[in-house]
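J.: Under numbering that gives the first Met the number 0, the residues of the sequence shown are numbered 0 to 479, in order.
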Amino acid sequence: MLKMMMRNIAASSSSYCTSRRWRGMPCLHSNSTVVVFANDYFAFLHSQHSKPIKSTRTQLEQPVRNSPKITTVEDAFNVFDRMLEMRPPPSVVRFNQILGQVAKLKHYSAVISLYNQMDVSGIGPDVYTLNILINCYCHLNQMGFSLSVLGNFFKLGLKPKVSTFNTLINGFLLENRVGEAAGILNKMMRELLRKMEEGACRPDLVVYNTIIDSLCKDTQVDDALNLFSEMICKGIAPNVITYNSLIHGVCKLGEWKEATRLLNEMVSKNIFPDMFTFSVLVDTLCKEGMVVEAEGVVEMMIQRDIEPDTVTYNSLMDGYCLRGEMDKAQKVFKLMLSKGSMDVVSYSTLINGYCKHKKIDEAKMLFLDMSHKGLVPNTITYNTLLDGFCKVGRIDDTQKLFSEMQAFGQLPNVRTYAVLLDGLCKNRQLSRAMQLFGEMEAKKLHIGIVIYNILIRGLCITGKTESARDLFCGLSSKGT
């Protein structure tokens, strides 16, 4: 199947444009508060009837000439004050220019404050003004207010543009909530699509791509595929971003056959895979242990003049490490060094490979080389090397590295403590383990069942079964 897929790609037109790697969209999440605001909005929208747009074409096409240069919030407030004192006041277009510049400076609260001054002074907004306002509320994670602004469109007789809905949808996704509320928000997004279609503002490819990507990231791939089919039926042609989202989604679920089908389909439509597509395929193949096939994808990339990026090489290197082929992993790493494309993940991946195969000295040398190259090890890097030291019984090196980690400002997390406690217990250094456990309690870190299991096992190993029983019996009182 993979070979057939490769042939299909190779047989596609050689005239293509290598696009920049698509970086994806925020993950789809929500909470009950947003749902309440959204339900209020949908109820309001259902009762409204669109009115003609009051703003003229000239007003909506925001001119940039003679716009005062705004570099600070203070500049904006000073210019705004002078404009509000003018009689007659300037058109809303001039005010929009200031609001837009302040929004680009990411002073979203200041934009809202300036808009309130406009409102008090009787300067009516237009579509562009309200779009800016929605965008600012979205960036401030105040989606309830964003929906209220959307309601103002209809109260003022203004029609939202597709960009208005794009901004609003992205705002929901930027909420970054977790759990069951994601499903509620997905239903809300579908309802928003329906409302757009009922009006004069039909959803475009950007809207569909945003929702499809979010559904895939929330592992609701079936819903994403259904929406994809619906999009096709409505005559909206997908692009490489659409297929990338779907391929990434099915790959995360291990549905390799579906990924192959989608890949063949996109190639048949003369939509050629880009860097992101290939990177997803390489990563998935390596995680499935199909490193030889991943090598084939990388070779194809090079043949197509698509230079594999750091993410692709990291995935391939990790695949070699998982198979214990450290020589090949090191070869990839040296290639990355020659290209100057290695990063912290590259070093951490190879360090992890060495540690897993108990080549701890090689891992330590790589860790030191990383620092010499000006790369700062992160918590994952430290945790990996700490685990490696523990696995070979080098507890003193573990303690030294742990102290160094904190001295360099890398805060240990629960995983760090779990690694250390496990290493100390397995090396029968229970007193040091209990001392470390006391530090965790003093720092009020979340101590889950994994930590308690490590300690109970350590107590049993050292023959302190009574203490192990007491610790176990006390778990219920701790809510664990």
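By construction, the Cβ of each residue, glycine as well, lies at the ideal position given by its N, Cα and C atoms.
Just so you know, these numbers come straight off a predicted model, no measurement behind them.
1. Taking only three categories from DSSP, how would you classify Q219?
2. Taking a contact to mean a Cβ-Cβ separation below 9 angstroms, would you say V281 touches G318 in this structure?
3. H247: buried (16+ other C-beta within 10 angstroms of its C-beta) or exposed?
4. Answer yes or no: do L113 and F94 have a C-beta to C-beta separation smaller than 9 angstroms?
5. Below 8 angstroms on the Cβ atoms is my contact criterion, and I expect F401 with L419 to pass it. Report the Cβ-Cβ distance as a whole number of Å.
6. Specify whether the stretch 468–477 and the stretch 437–445 touch according to this definition: at least 3 beta carbon pairs, one from each stretch, less than 8 angstroms apart.
7. Answer yes or no: do N243 and V279 have a C-beta to C-beta separation smaller than 9 angstroms?
8. For I111, does the count of other Cβ atoms within 10 angstroms reach 16, so buried, or fall short, so exposed?
9. To the nearest angstrom, report how far apart F340 and T309 are at their CA atoms.
10. Give me the Cα-Cα distance between M439 and A432, rounded to the nearest whole angstrom.
11. Have a look at G23 and M274 and give me their C-alpha separation to the nearest angstrom.
12. How long is the line joining the alpha carbons of N426 and G392, rounded to whole angstroms?
13. Tell me whether A102 sits in a helix, a strand or coil according to DSSP, three-state version.
14. Skipping 5 residues on each side, what residues in its chain have a beta carbon closer than 6 angstroms to that of M230?
15. In the DSSP assignment, the alpha helix (DSSP H) including M265 goes from what residue to what residue?
16. Measure the C-alpha to C-alpha separation of M404 and Y381 and round it to an integer number of angstroms.
17. Would DSSP call F407 helix, strand or coil?
18. Any idea what DSSP makes of A441, helix, strand or coil?
19. Near I133, which residues of its chain fall below 8 angstroms by C-beta distance, leaving aside the five closest residues on each side in sequence?
20. Could you tell me the distance, in whole angstroms, from the CA atom of L454 to the CA atom of K256?
21. Tell me which same chain residues have a C-beta within less than 6 angstroms of the C-beta of Y416, skipping the five on either side of it?
T.: Based on what the coordinates show:
1. Within the sequence shown, the letter at position 220 stands for residue 219. In the three-state reduction of the DSSP assignment, Q219 falls in the coil class.
2. For the purposes of this step, residue 281 is taken as the residue at position 282 of the sequence shown. For the purposes of this step, residue 318 is taken as the residue at position 319 of the sequence shown. Cβ atoms of V281 and G318: closer than 9 angstroms.
3. Taking the sequence shown and counting its residues from 1, one reaches residue 247 at position 248. Around the beta carbon of H247, a 10 Å sphere encloses 16 or more other beta carbons of the protein chains shown; the residue is thus reported as buried.
4. As a working note, residue 113 is residue 114 in the sequence shown. As a working note, residue 94 is residue 95 in the sequence shown. Cβ atoms of L113 and F94: closer than 9 angstroms.
5. In the sequence shown, counting from the first residue as 1, residue 401 sits at position 402. In the sequence shown, counting from the first residue as 1, residue 419 sits at position 420. Taking C-beta atoms under 8 angstroms as the contact rule, F401 and L419 qualify, at a distance of about 6 angstroms.
6. No, because fewer than three Cβ pairs between the stretch 468–477 and the stretch 437–445 fall closer than 8 angstroms, the two stretches do not touch.
7. As a working mapping, residue 243 is identified with position 244 in the sequence shown. As a working mapping, residue 279 is identified with position 280 in the sequence shown. Pairing N243 with V279 gives a Cβ-Cβ distance under 9 angstroms.
8. If you number the sequence shown from 1, residue 111 lands on position 112. Counting C-beta atoms within 10 angstroms of its own C-beta, I111 has 16 or more neighbours from the protein chains shown and is therefore classed as buried.
9. Looking up residue 340 in the sequence shown gives position 341. Looking up residue 309 in the sequence shown gives position 310. First, the amino acid is wrong: residue 340 is Ser here, not Phe. Rounded to the nearest angstrom, the two C-alpha atoms are 6 angstroms apart.
10. As a working mapping, residue 439 is identified with position 440 in the sequence shown. As a working mapping, residue 432 is identified with position 433 in the sequence shown. Rounded to whole angstroms, M439 to A432 spans 11 angstroms at the Cα level.
11. By 1-based counting over the sequence shown, the position of residue 23 is 24. By 1-based counting over the sequence shown, the position of residue 274 is 275. Any reading at G23 needs caution, since the residue's pLDDT is 32, under 50, leaving its predicted position unreliable; the model's value is listed next. The C-alpha of G23 lies about 12 angstroms from the C-alpha of M274.
12. Position 427 of the sequence shown holds residue 426. Position 393 of the sequence shown holds residue 392. When rounded, the distance between both Cα atoms is 7 angstroms.
13. Taking the sequence shown and counting its residues from 1, one reaches residue 102 at position 103. A102: helix per DSSP, three-state reduction.
14. Mapped onto the sequence shown, residue 230 falls at position 231. Spatial neighbours of M230 in its own chain (CB-CB distance under 6 angstroms, excluding positions within 5 residues in sequence) are listed in chain order as Y207.
15. Taking the first residue of the sequence shown as position 1, residue 265 is located at position 266. For M265, the enclosing alpha helix (DSSP H) has its first and last residue at 255–267.
16. Locating residue 404 in the sequence shown gives position 405, where the first residue counts as 1. Locating residue 381 in the sequence shown gives position 382, where the first residue counts as 1. For M404 and Y381, the distance between alpha carbons rounds to 7 angstroms.
17. Along the sequence shown, read from residue 1 onward, the residue named residue 407 stands at position 408. Three-state result, F407: coil.
18. Along the sequence shown, one-based indexing puts residue 441 at 442. A441 falls in the helix class under three-state DSSP.
19. Working through the sequence shown from its first residue, we reach residue 133 at position 134. Around I133: S145, V148, L149, T163, T166, L167, G170.
20. What you label residue 454 is simply residue 455 of the sequence shown in a count that begins at 1. What you label residue 256 is simply residue 257 of the sequence shown in a count that begins at 1. Spanning the two alpha carbons is a distance of roughly 44 angstroms.
21. As a working note, residue 416 is residue 417 in the sequence shown. M439.
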